[in-house]
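Chemist:
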Ligand SMILES: [Zn+2]
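Residue numbers (the UniProt record's numbering): 1 to 306.
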């Protein structure tokens, strides 16, 4: 059955790119509502933006959704990953600024709060998107592929010149609480050499050594070092789960990302939904539901982080 959060959960923090303080609440919503953001600071006109792939605007450093009135919310991928990873299908996310709070740069605080209030079962069945064929998209940076899968499985590969990251590969089946256990605490990362360039164009203004892993060559500059030796590829998988959640429903699919990011995952969804025989919508039975990322999630498995 579909779910929502039992009660409203609240977060305060700053936006990674804007550096602006922001309050965000994840509120219960009815069945078939999906995940919708609402700008609480905008009084005139339509302030709601559905978290769907066709509302995403090209934005290489984060996932940004924009409605027809030009109202936007950016850096939604970590809270979207937390909702998908905890199996929350319906929520109204109210936010009083243009960017979600970065918190510690991972999704663990969102997961902790969602699981603390609990996930409520509703009366409507879950509908899943079953990928039937293989779709592949490329950019100059890398590629991403979506193919059939029994649940949601993911292979990710990255390759950075900085030896503190280097080449990393990981494969995961995202059922049985895998997201919470393996991915939720992995933080966003960047190269020290990119920080000045991002700031020059008004990005990463809220980035700190605490809410991002900053690397320079062999060195991890952030105090305390890494949470996992392969924290970078784990974070890329966290981002991919959050970006795939813009499909609007859980997916039965195998995702492969090779140096992929927000742009490629969004291109995949656009291509998938432009291919009518590439997918079908199925109502979920108990057997199918047990294979989805929200199945088997336990608050006891949230990683302990500082
Ligand atoms: Zn991210």
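Glycine residues also receive a C-beta, built at the ideal position from the N, C-alpha and C atoms.
Model, not experiment: these values are computed from the prediction.
Which whole-angstrom value describes the C-beta separation of residue 290 and residue 106, a residue pair presumed to lie in contact below a C-beta threshold of 8 angstroms?
Modeler: Actually they do not touch by this definition, with Cβ atoms about 26 angstroms apart.
Chemist: Confirm, please, whether the CB-CB distance from residue 114 to residue 82 is below 8 angstroms.
Modeler: For residue 82 and residue 114, yes; Cβs fall inside 8 angstroms.
Chemist: Near ligand 1, which residues have their beta-carbon closer than 5 angstroms to a heavy atom?
Modeler: Checking every Cβ against the heavy atoms of ligand 1 under 5 angstroms gives 188, 239.
Chemist: Can you pull the DSSP bridge partners for residue 155?
Modeler: Bridge partners of residue 155: 171, 256.
Chemist: Which residue or residues does DSSP assign as beta-bridge partners of residue 216?
Modeler: 219, per the DSSP bridge assignment.
Chemist: Which complete beta strand (DSSP E) runs does the stretch 67-150 hold, if anything under 3 residues is left out?
Modeler: Complete beta strand (DSSP E) runs here, min 3: 72-74, 91-95, 119-121, 127-131, 135-138, 143-147.
Chemist: What is the residue span of the beta strand (DSSP E) that residue 20 lies within?
Modeler: Looking at the DSSP string, residue 20 is not in any beta strand (DSSP E), and its letter there is neither H nor E.
Chemist: For residue 104, count neighbouring C-beta atoms within 10 Å of its own C-beta (all shown protein chains included) and say buried if the count is 16 or more, exposed if not.
Modeler: Classification for residue 104: buried.
Chemist: In angstroms with no decimal places, state the Cα-to-Cα distance between residue 173 and residue 43.
Modeler: Cα to Cα, residue 173 sits roughly 42 angstroms from residue 43.
Chemist: Check this for me: beta carbons of residue 159 and residue 259, under 8 angstroms apart or not?
Modeler: Yes, Cβ-Cβ distance for residue 159 and residue 259 is below 8 angstroms.
Chemist: Should residue 154 be labelled buried (16 or more other beta-carbon atoms within 10 Å of its own) or exposed?
Modeler: Answer is buried; the Cβ neighbour count reaches 16.
Chemist: Specify, as a first and last residue, the run of the beta strand (DSSP E) that residue 12 falls within.
Modeler: 9-14 is the span of the beta strand (DSSP E), which, as asked, contains residue 12.
Chemist: Taking residue 391 as part of the beta strand (DSSP E), name the residues at either end of that continuous run.
Modeler: A query on residue 391 cannot be resolved here, the shown segment of the chain reaching from 1 to 306 and no further.
Chemist: Does DSSP put residue 276 in a helix, in a strand, or in coil?
Modeler: Helix, per DSSP.
Chemist: Closest by CA to residue 211, which one among 229, 177, 16, 138?
Modeler: Of the candidates 229, 177, 16, 138, the one whose C-alpha sits nearest the C-alpha of residue 211 is 16.
Chemist: Rounding to the nearest angstrom, what Cα-Cα distance links residue 170 and residue 96 in this structure?
Modeler: Answer to the nearest angstrom: the Cα atoms are 36 angstroms apart.
Chemist: Taking Cβ positions, are residue 60 and residue 263 nearer each other than 8 angstroms?
Modeler: The answer is yes: Cβ separation under 8 angstroms.
Chemist: Name the residue from 164, 88, 67, 12 whose alpha carbon lies nearest to the alpha carbon of residue 100.
Modeler: When only C-alpha atoms are compared, the closest one is 12.
Chemist: From 190, 180, 141, 278, pick the residue whose C-alpha is nearest to that of residue 110; which is it?
Modeler: Among 190, 180, 141, 278, the Cα nearest to that of residue 110 belongs to 180.
Chemist: Please return the same chain residues whose Cβ sits closer than 7 angstroms to the Cβ of residue 130, not counting the five positions on each side in sequence.
Modeler: The answer, listed in chain order, is 252, 279, 280, 282.
Chemist: Just how far apart, CA to CA, sit residue 244 and residue 185?
Modeler: Answer to the nearest angstrom: the Cα atoms are 19 angstroms apart.
Chemist: With a threshold of 16 other CB atoms inside 10 Å of the CB of residue 68, please say whether the residue is buried or exposed.
Modeler: Residue 68 is exposed by the Cβ-count criterion.
Chemist: Within its chain, find whatever has a CB closer than 6 angstroms to the CB of residue 239; leave out the 5 residues flanking it on each side and keep chain order.
Modeler: For residue 239, where only same-chain residues beyond five positions count, the Cβ hits under 6 angstroms are 77.
Chemist: Going by C-alpha distance, which of 1, 300, 149, 144 is nearest residue 237?
Modeler: Checked all of 1, 300, 149, 144; the closest Cα to residue 237 is 144.
Chemist: Assign residue 225 to one of two classes, buried (16 or more other C-beta atoms within 10 Å of its C-beta) or exposed (fewer than that).
Modeler: It is exposed - the Cβ of residue 225 has fewer than 16 other Cβ atoms within 10 Å.
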